[in-house]
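Below: one structure, written as structure tokens.
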């Protein structure tokens with residue numbers, strides 16, 4: 004008699020070939036297949052819009068026998084909770100959200116740690132003192148990233164300015180490219196992105212400026228432009244949670260891992276980064292890894308000038324999880 008396979012489903016917001024966010028989640032899926040071989044079957048649906056469409060996809064996966072379903076975009080949070088109620092025997096894992104239930108866990112990476120490192124490099128390397136930032140949606144995860152990058156750029160370069168363009172999408176190559184072009188035209192010589200495609204990197208390459216990749220190694224899109232990429236390594240978590248379902252030990256939890264656990268990693272540092280700056284960046288990575296440094300360490304004021312963190316004080320996870328303000332020095336408003 005055939006051994007019962009554990010069936011694991013993945014719901015993706017972009018195409019698996021986006022070169023960024025979804026590519027890395029799909030790499031995690033492939034790692035599950037590699038780790039468990041014929042004990043597991045994985046299924047996935049790509050390009051699933053956030054909202055009602057995603058509920059239909061999750062429902063279909065559950066009906067077709069999935070034991071565990073990973074829903075990998077912020078906007079899948081409520082749909083995941085809703086569908087999970089109808090399928091109490093199926094385990095659900097939602098990425099980047101904050102709601103859990105009996106059969107729903109949430110997990111995310113401390114992307115802001117990666118942004119601290121690239122902020123430091125950007126502050127040291129910009130010649131125009133203008134850094135362009137392509138942002139997706141004004142949610143705490145994205146705001147945290149902007150603040151972290153800016154703080155670390157500003158610490159090493161008091162003259163640095165950040166321009167933020169909001170595109171209101173995770174994944175739209177045309178909109179991301181337009182945003183990149185606008186920032187380049189405003190004088191930005193380094194780009195950062197919190198969106199999912201390689202379009203900004205391609206624009207940076209074309210314009211002869213520098214950029215940081217997002218979620219996956221984007222070196223193929225920017226062989227000259229890329230300084231490094233923040234890589235989201237979901238594979239160990241996906242393997243661990245699949246194993247837990249197989250063992251019958253899966254429980255609802257909230258996981259927020261960073262550089263220390265390896266969920267936030269980096270692509271190779273470009274030779275364009277000066278030796279001393281590379282050494283400082285690598286040291287910061289080590290300090291974030293061993294906990295001797297926190298990316299949000301005071302003194303830090305809020306944008307309106309009010310005190311947030313005193314000298315040496317570090318931000319608590321609750322404040323970071325709900326972050327809805329810019330730090331002092333960033334111009335412009337966070338859209339509602």
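Numbering (my numbering), first residue to last: 4 to 339. Backbone N, C-alpha and C fix where the C-beta goes; we use that ideal spot for every residue, glycine too.
- Residue 270 and residue 230 have their C-alpha atoms some 9 Å from each other.
- Judged by DSSP secondary structure, residue 39 falls within the alpha helix (DSSP H) whose first and last residues are 24 to 39.
- With a cutoff of 8 Å on beta-carbon distance, residue 150 and residue 330 are scored as near each other.
- The beta carbon of residue 46 sits closer than 6 Å to those of 12, all from its chain and outside the five residues before and after it, given in chain order.
- Short of 7 Å from the beta carbon of residue 292, and not among the five residues preceding or following it, lie these beta carbons of its own chain, in chain order: 262 and 263.
- Around the CB of residue 196, 16 or more other CB atoms lie within 10 Å, so the residue is classed as buried.
- In the same chain as residue 94, and ignoring 5 residues on each side of it, the C-beta atoms closer than 7 Å to its own belong to 70, 71, 106, 248 and 253, in chain order.
- Burial of residue 118 is indicated by the presence of at least 16 other C-beta atoms within 10 angstroms of its C-beta.
- Cβ-Cβ separation between residue 18 and residue 49: approximately 5 Å, consistent with a contact (criterion under 8 Å).
- A distance below 7 Å between beta-carbons, with the five flanking residues on each side excluded, links residue 112 to the following residues of its chain, in chain order: 235, 260, 261, 266 and 267.
- Looking at 15, 28 and 9, the one whose alpha-carbon comes closest to that of residue 238 is 28.
- When secondary structure is reduced to three states using DSSP, residue 114 falls in the helix class.
- In the structure shown, residue 193 falls within a strand segment according to DSSP collapsed to helix, strand and coil.
- Looking at the backbone, the Cα of residue 103 and that of residue 87 are separated by about 10 Å.
- Nearest C-alpha to residue 317 among 220, 303, 328 and 309: 303.
- Under DSSP, residue 330 shares a beta bridge with 305.
- In the structure shown, the three-state DSSP call for residue 79 is helix.
- Apart from the 5 residues on each side of it in sequence, residue 287 sits with its Cβ closer than 7 Å to the Cβ of 119, 120, 123 and 296 in its chain, given in chain order.
- Look at residue 68 here: in three-state DSSP terms it is coil, with no helix or strand label.
- Residue 188 and residue 323 have their C-alpha atoms roughly 33 Å apart.
- In the three-state reduction of the DSSP assignment, residue 144 falls in the helix class, which pools H, G and I.
- DSSP places residue 227 outside both helix and strand once states are collapsed to three, so it counts as coil.
- Under the DSSP assignment, residue 278 falls in the alpha helix (DSSP H) whose first and last residues are 278 to 293.
- Within the segment 193 to 270, complete beta strand (DSSP E) segments of at least 3 residues are found at 193 to 196, 213 to 218, 229 to 235, 257 to 260 and 267 to 269, given in chain order.
- Sequence-distant partners of residue 154 (beyond 5 residues in either direction) whose C-beta falls short of 7 Å from its own C-beta, in its chain, are 122, 303 and 330.
- Straight across, the Cα-Cα distance linking residue 24 with residue 334 is about 28 Å.
- When DSSP states are grouped into helix, strand and coil, residue 153 belongs to the helix group.
- Here residue 194 is buried. Its C-beta has 16 or more other C-beta atoms within 10 Å.
- The continuous beta strand (DSSP E) containing residue 135 extends over residues 133 to 138.
- Here DSSP, grouped into helix, strand and coil, assigns residue 167 to strand.
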